[in-house]
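Number of protein chains: 2
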Amino acid sequence: MRILEVAGPIFAEKGRRETTIRDIVQAAGVNQAAVNYHFRDKDGLYAEVLRLATHTAREQEPAEDAPAEQRLRDLVRTSVERLLGHQRQAWHTRLMLRELEEPSPAFVSLVDEIVGRIMPRVERIVAELNPRLGEEERWLCCHSLMSHCNGMPKAEFFLERSRPGWGERAAEERIRIMTDHISRFCLAAIGGLE
Amino acid sequence: MRILEVAGPIFAEKGRRETTIRDIVQAAGVNQAAVNYHFRDKDGLYAEVLRLATHTAREQEPAEDAPAEQRLRDLVRTSVERLLGHQRQAWHTRLMLRELEEPSPAFVSLVDEIVGRIMPRVERIVAELNPRLGEEERWLCCHSLMSHCNGMPKAEFFLERSRPGWGERAAEERIRIMTDHISRFCLAAIGGLE
DNA sequence: AAGCATTTCAAACGCTAGTTTGAATCGGTG
DNA sequence: CACCGATTCAAACTAGCGTTTGAAATGCTT
Numbered sequence: 280m281r282i283l284e285v286a287g288p289i290f291a292e293k294g295r296r297e298t299t300i301r302d303i304v305q306a307a308g309v310n311q312a313a314v315n316y317h318f319r320d321k322d323g324l325y326a327e328v329l330r331l332a333t334h335t336a337r338e339q340e341p342a343e344d345a346p347a348e349q350r351l352r353d354l355v356r357t358s359v360e361r362l363l364g365h366q367r368q369a370w371h372t373r374l375m376l377r378e379l380e381e382p383s384p385a386f387v388s389l390v391d392e393i394v395g396r397i398m399p400r401v402e403r404i405v406a407e408l409n410p411r412l413g414e415e416e417r418w419l420c421c422h423s424l425m426s427h428c429n430g431m432p433k434a435e436f437f438l439e440r441s442r443p444g445w446g447e448r449a450a451e452e453r454i455r456i457m458t459d460h461i462s463r464f465c466l467a468a469i470g471g472l473e
Numbered sequence: 280m281r282i283l284e285v286a287g288p289i290f291a292e293k294g295r296r297e298t299t300i301r302d303i304v305q306a307a308g309v310n311q312a313a314v315n316y317h318f319r320d321k322d323g324l325y326a327e328v329l330r331l332a333t334h335t336a337r338e339q340e341p342a343e344d345a346p347a348e349q350r351l352r353d354l355v356r357t358s359v360e361r362l363l364g365h366q367r368q369a370w371h372t373r374l375m376l377r378e379l380e381e382p383s384p385a386f387v388s389l390v391d392e393i394v395g396r397i398m399p400r401v402e403r404i405v406a407e408l409n410p411r412l413g414e415e416e417r418w419l420c421c422h423s424l425m426s427h428c429n430g431m432p433k434a435e436f437f438l439e440r441s442r443p444g445w446g447e448r449a450a451e452e453r454i455r456i457m458t459d460h461i462s463r464f465c466l467a468a469i470g471g472l473e
């Protein structure tokens with residue numbers, strides 16, 4: 280379906296509310312009524328896009344037998360790349376972050392699946408990095424890590440403002456620096472707690 | 280001006296786009312044309328609200344002679360409280376975070392002022408906590424800290440989902456736990472780097 | 001090829017939200 | 001009190017958006 284393909288990136292870029300059906304059908308080169316015909320209404324299309332995003336966003340599972348440091352770094356790099364890079368699948372993450380700000384009904388029913396897929400992996404990494412952590416503290420560390428991975432690249436706007444010239448560096452370099460920093464920061468934190 | 284007082288919280292809660300002029304004038308108990316008369320148009324009002332928010336958001340400057348650990352904790356607590364608490368001035372922060380997601384033209388011209396007010400203070404804390412850090416690393420740590428303070432409380436939605444029952448605890452307890460964790464996490468990270 | 005369900009289309013409908021308008025009201029000044 | 005600029009108000013205007021509609025086109029089955 281042509282509509283589904285173009286709708287994802289548009290929703291991700293402009294937001295659910297700001298995106299108009301006319302935007303989408305124009306990009307898809309189809310008639311305006313097509314959305315209502317195939318997806319009932321705008322929300323129906325959005326829910327479908329969101330479902331698609333969560334299902335295709337399952338990253339290539341990295342080697343689970345690598346040392347925890349390496350797995351953490353992979354995790355960080357994936358997140359950072361998705362937000363700073365300009366890849367095809369970047370819109371998945373952007374859409375998720377929008378939802379996090381202001382969850383839509385369609386999202387609420389999907390978040391459990393996302394949590395269930397990511398959290399165990401992160402928990403395992405944190406547990407290996409610091410076996411002395413209690414259960415609640417490990418849980419908090421997982422969220423620290425994830426919020427860090429998503430929040431910092433997203434706030435690139437502020438980065439640029441507090442250090443002019445940052446935005447002019449090559450994307451690949453920005454990704455490397457930020458991945459590097461977040462990994463080291465979180466490794467130091469998790470390893471140093473308790 | 281009655282309008283300015285009520286507009287801030289409404290914009291913060293519903294977002295710039297979703298907030299209607301009718302929402303605001305109804306809450307203010309004034310006629311609809313008042314917004315256009317006094318602020319030219321909706322964007323004019325929004326810009327004014329934003330300006331007001333950045334100017335009144337200057338927190339009570341905490342004791343600058345306290346040890347760096349204490350100052351960091353104060354900083355964290357202020358952020359967390361603003362996002363998890365239900366205080367009067369919480370809307371300032373919420374509005375800022377919305378802008379961070381999707382900066383409006385009005386915001387861009389104000390962000391330098393915000394950065395200029397917060398960053399030096401954070402830089403000083405980080406520098407005292409770990410004098411061995413290089414300049415760029417210190418800068419990154421500052422943003423780690425701030426993104427952490429804002430991102431984690433904002434993602435409470437995920438917290439709740441990965442640990443049901445979290446949301447039912449008293450607000451004061453959630454604030455304490457999160458402040459505690461973020462402070463310790465960042466202290467361990469900053470102190471342990473290099 | 002005829003018939004039928006499915007899909008596409010241009011056009012219009014209804015609603016909502018920002019803005020404009022022109023009259024009414026207010027508040028100070030000569 | 002009369003005047004006049006500033007402000008308030010109810011009402012209408014305008015534009016954009018989601019949705020509906022009914023006809024046209026398409027494609028599959030017999």
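Quick note, the sequences are listed as chains A and B, same order.
Last residue of the first sequence: 473 in the working numbering, with the numbers rising by one and none dropped.
Last residue of the second sequence: 473 in the working numbering, with the numbers rising by one and none dropped.
Cβ atoms here follow ideal geometry from the backbone N, Cα and C, with glycine treated the same way.
Here the structure is a predicted model, which means the values were calculated and not measured.
Could you give the DSSP three-state label for residue i: helix, strand or coil?
| i | result |
| --- | --- |
| B/P399 | helix |
| A/V305 | First, the amino acid is wrong: residue 305 of chain A is Gln here, not Val. A/Q305 falls in the helix class under three-state DSSP. |
| A/A342 | coil |
| A/S462 | helix |
| A/E378 | helix |
| A/E439 | helix |
| A/T372 | helix |
| B/L472 | coil |
| B/G444 | coil |
| B/S383 | coil |
| B/R453 | helix |
Starting from residue i, find everything on chain B with Cβ-Cβ shorter than 8 Å and list it in chain order.
| i | result |
| --- | --- |
| A/L351 | Residues of chain B passing the Cβ test: none, with the nearest at roughly 13 Å. |
| A/R463 | L472 |
Starting from residue i, find everything on chain B with Cβ-Cβ shorter than 7 Å and list it in chain order.
| i | result |
| --- | --- |
| A/M375 | Simply none; closest approach about 10 Å. |
| A/E392 | Within chain B, no residue comes near A/E392; the closest Cβ sits about 10 Å away, beyond 7 Å. |
| A/L419 | H460 |
| A/A313 | Neighbours of A/A313 on chain B: none; closest Cβ ~25 Å, over 7 Å. |
| A/P382 | F436 |
In the DSSP assignment, the alpha helix (DSSP H) including residue i goes from what residue to what residue?
| i | result |
| --- | --- |
| B/A291 | R281 to K293 |
| B/R361 | A347 to L363 |
| B/A313 | A312 to F318 |
| A/T335 | K321 to T335 |
| A/G430 | E414 to K433 |
Cβ of residue i less than 8 Å from any chain B Cβ?
| i | result |
| --- | --- |
| A/W370 | no |
| A/H422 | yes |
| A/L379 | yes |
| A/F290 | no |
| A/S426 | yes |
Would a check of beta-carbon distances place residue i closer than 8 Å to chain A?
| i | result |
| --- | --- |
| B/R296 | yes |
| B/S441 | yes |
| B/F436 | yes |
| B/M398 | yes |
| B/A406 | no |
| B/A326 | no |
| B/A449 | no |
| B/A479 | Past the boundaries of the shown model lies residue 479 of chain B; chain B is included only from 280 to 473, so the question cannot be answered. |
| B/A467 | yes |
Give me the chain B residues within the contact set of residue i, using Cβ-Cβ distance strictly less than 9 Å, ordered along the chain.
| i | result |
| --- | --- |
| A/E452 | Result: empty, since nearest Cβ-Cβ is about 12 Å, beyond 9 Å. |
Check the Cβ of residue i against every Cβ in chain A and list those closer than 7 Å, keeping chain order.
| i | result |
| --- | --- |
| B/N429 | G430 |
| B/G413 | Result: empty, since nearest Cβ-Cβ is about 11 Å, beyond 7 Å. |
Just to make sure I have the definition right: I need the residues of chain A whose C-beta is within less than 9 Å of the C-beta of residue i. Which are they?
| i | result |
| --- | --- |
| B/H334 | Residues of chain A passing the Cβ test: none, with the nearest at roughly 18 Å. |
Starting from residue i, find everything on chain A with Cβ-Cβ shorter than 8 Å and list it in chain order.
| i | result |
| --- | --- |
| B/A342 | Simply none; closest approach about 24 Å. |
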